[in-house]
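The sequence shown lines up with residues -23 to -1, 1 to 249 when you count with mature numbering (1 follows the signal peptide of the UniProt record, and there is no 0).
We put the beta carbon where it would ideally sit given N, CA and C, even for glycine.
If you're wondering where the values come from, they're calculated on a predicted model, not measured in any experiment.
Input: a single structure, listed below in structure tokens.
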Amino acid sequence: MSSSTLFHLFLLSSLLFSCLSYARLDADDFSYIEGSPNGPENWGNLRPEWKTCGNGKEQSPICLCDDRVIRTPALGKLRTSYQAAYATVKNNGHDIMVNFKSDAGSQFINQVQYQLKRIHFHSPSEHALNGERYDFEVQMVHESQDQRRAVTAILFRFGPSDPFLSNLEDFISKISRHETNEVDAGVVDPRQLLQFDDPAYYRYMGSYTAPPCTEDITWTVIKKLGTVSPRQVLMLKQAVNENSINNARPLQPLKFRTVFFYPSQKSNHDAI
């Protein structure tokens, strides 16, 4: 781990210690603290409808390792048609989410159109690339007309501020102070998140990463990393419940699943 990363982690820890009083939401139904009674290893026992968290066969997140994927150019270039749409920003105690209230566009997978519904934020990243978890992860949740679900994830390392989050800072600040748990964010443009030209990506079948851990989710994880500032991550951590400050579920076993990899056609930078 680089000295720069260590410094950023120290800064986040120090500032969080002084700001924990901001995060007192009544969201104690489950926790991200391993070893706690309602921690990740116990999610499946907390409610009958959450049993898949404990006995599921295709759980997420996972480690995406280049020596265990099937290189599949036939997956094709990522097909998206996102657009700016009206949205709210909501604090549910476990994470901050953007809920789209109008048509935010869609993604096409295997000729099926998946409408973008909401965006979630996690720190550190939930997925790992070649054994390494990064500083932050954005998850774009989609649904098709026949209720199939797909999530596109982008991982981030510390660096320059992310422009998408920059546009949401005022709204996140309001729900961090607990004036309300949901605010109107006006028009939000998801295209700011996926500005990569023909990115390489991983594709596998998994689950939602929080209860009820619903399976049969088509995951797309972009290989190229984005950048986010430590201040932006701190802003999100301050807003959530204390037991969700590090809201990344432990890595789940791959079991018998196959992970496919689409190599970018633009350059060899993301090839394996």
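* To do: Give the DSSP bridge partners of residue 333, in chain order.
  => No answer is possible for residue 333: it lies beyond the span of the chain, which begins at -23 and ends at 249.
* Asked: DSSP state of Thr29, grouped into three classes?
  -> Under the three-state reduction of DSSP, Thr29 is assigned to helix.
* To do: Could you spell out the range, first to last residue, of the beta strand (DSSP E) harbouring Phe85?
  => Counting along the chain, the beta strand (DSSP E) containing Phe85 begins and ends at 82 to 86.
* DSSP three-state assignment for Gln169, whether helix, strand or coil -> In this structure, Gln169 counts as helix in the three-state DSSP scheme.
* Using 10 angstroms around the beta-carbon of Arg56, count the other beta-carbons present and answer buried if the total reaches 16, otherwise exposed. => Taking a 10 Å sphere around the C-beta of Arg56, we find fewer than 16 other C-beta atoms and assign the residue as exposed.
* Return no unless some Cβ of chain B is closer than 8 Å to the Cβ of Tyr63. => The chain labelled as chain B is not found in the depicted structure, where only one protein chain is given.
* To do: Just tell me which of Glu120, Ser221, Glu103 has its CA closest to the CA of Asn15.
  => The shortest Cα separation from Asn15 among Glu120, Ser221, Glu103 belongs to Ser221.
* To do: Output yes or no for whether 8 Å exceeds the beta carbon distance between Gly82 and Pro167.
  => Yes. Within cutoff.
* **Proximal residues to Gly183 (C-beta, below 6 Å), its chain only, five neighbours per side dropped** => Closer than 6 Å at Cβ, skipping near neighbours: Glu35, Ser37, Ile194, Trp196.
* Run through DSSP, which three-state label would Phe238 get? -> Strand, per DSSP.
* **With 16 other Cβ atoms within 10 Å as the buried cut-off, status of Asn218** => It counts as buried.
* DSSP bridge partner residues for Lys67 (one or two, in chain order) -> Bridge partners of Lys67: Met74, Glu159.
* To do: Quickly, what does DSSP pair Gln90 with across the bridge? List them, please.
  => In DSSP, Gln90 forms a bridge with Phe85.
* Compute the Euclidean distance between the alpha carbons of residue 250 and Tyr239, then round it to the nearest angstrom. => Since the first residue of the chain shown is -23 and the last is 249, residue 250 is not available in this structure.
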